[in-house]
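Here is the structure we will look at.
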């Protein structure tokens, strides 16, 4: 009963919302929607992963979030963090120079002002440092 009076008292002093106010939480993202038109591609070259995508042209653009995982086959922002973020729609490439040997899953997420998540298909990159050092075949290597 005392608790009820304290809440009621807070309501009278600060207004009805104050008695039931919860701590501020970030606005939740909507479920991700696959959008192939993003045109995301990524490849391993010269010891790093190069990623490119098409420019998002709508006025609701908020950010690009590039995600990478070695364990999640379907990574998405914010659940899997980000390795790169851009708040300018004209930024359409990124070089990931911190890639270890293994299998990596990359995806681009376009975040809108309404917290929609437009996501690209996932690109799997296999990094084998030893295999990358082999010389490219020349015409002499073929009959």
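In my numbering, the protein residues as written are 368 to 510.
From the three backbone atoms N, C-alpha and C, an ideal C-beta is built for every residue, glycine too.
Practice item. Report yes if the C-beta distance between residue 434 and residue 399 is below 7 Å; otherwise report no. Key: As a working mapping, residue 434 is identified with position 67 in the chain shown. As a working mapping, residue 399 is identified with position 32 in the chain shown. Annotated as distal: residue 434 and residue 399, with beta-carbon spacing of 7 Å or more.
Point to revise | Extent of the continuous beta strand (DSSP E) run through residue 419 | key: Walking along the chain shown from the start, residue 419 turns up at place 52. Run containing residue 419: 415 to 419, per the beta strand (DSSP E) assignment.
Point to revise | With 16 other Cβ atoms within 10 Å as the buried cut-off, status of residue 509 | key: If you number the chain shown from 1, residue 509 lands on position 142. The residue is exposed, with fewer than 16 neighbouring Cβ atoms inside 10 Å.
Point to revise | Reference residue 489; option with closest CA among 506, 481, 414 and 419 | key: Start at 1 with the first residue of the chain shown, and residue 489 comes out as number 122. Of 506, 481, 414 and 419, the residue nearest in Cα terms is 419.
Review point. Using the beta-carbon count (16 or more within 10 Å), is residue 455 buried or exposed?
Key: Position 88 of the chain shown holds residue 455. Taking every protein chain shown into account, the CB of residue 455 has fewer than 16 other CB atoms within 10 angstroms, so this residue is exposed.
**Study point:** Sequence-distant residues of its chain with Cβ nearer than 6 Å to residue 428 (five each side left out)
**Key:** As a working note, residue 428 is residue 61 in the chain shown. In chain order, 456 place their CB closer than 6 Å to the CB of residue 428, counting only its own chain and leaving out the 5 sequence neighbours on each side.
Review point. Going by beta carbon distance, what residues of the same chain come within less than 7 Å of residue 493, once the five residues before and after it are set aside?
Key: Here residue 493 refers to the residue found at position 126 of the chain shown. Correct list, in chain order: 470.
Check your understanding: How is residue 390 classed by DSSP in three states: helix, strand or coil?
Key -> Residue mapping note: residue 390 aligns to position 23 of the chain shown, counting from 1. Residue confidence is low: residue 390 scores 49 on pLDDT, short of 50, so the model does not pin down where it sits. No coordinate-derived value is stated.
Exercise for review: Assuming residue 432 and residue 449 form a contact by the criterion Cβ under 8 Å, report the distance between their Cβ atoms to the nearest whole angstrom.
Suggested key: The sequence position of residue 432 within the chain shown is 65, counting from 1. The sequence position of residue 449 within the chain shown is 82, counting from 1. Yes, they are in contact, since the Cβ atoms of residue 432 and residue 449 sit about 5 Å apart, within 8 Å.
Review point. For residue 453, which residues does DSSP report across the bridge?
Key: For the purposes of this step, residue 453 is taken as residue 86 along the chain shown, with counting starting at 1. Beta-bridge pairing links residue 453 to 431.
**Study point:** Close Cβ partners of residue 491 (< 7 Å) along its chain, the five nearest in sequence each way excluded
**Key:** Working through the chain shown from its first residue, we reach residue 491 at position 124. Only 470 and 472 meet the Cβ criterion.
Check your understanding: Who are residue 478's beta bridge partners in DSSP?
Key -> In the chain shown, the residue the question calls residue 478 occupies position 111. For residue 478, which the question treats as bridged, DSSP gives the partners 430 and 484.
Check your understanding: Going along the chain, which residues of its own chain have a beta-carbon closer than 6 Å to the beta-carbon of residue 447, five neighbours each way excluded?
Key -> The residue you call residue 447 lines up with position 80 of the chain shown. Hits under 6 Å: 434, 436 and 439.
Practice item. Classify residue 475 as buried or exposed, calling it buried when 16 or more other Cβ atoms lie within 10 Å of its own Cβ. Key: On the chain shown, position 108 is the one that residue 475 refers to. Classification for residue 475: buried.
Practice item. Could you check if residue 487 is buried or exposed, using at least 16 other CB atoms within 10 Å of its CB as the buried criterion? Key: Along the chain shown, read from residue 1 onward, the residue named residue 487 stands at position 120. That one is buried.
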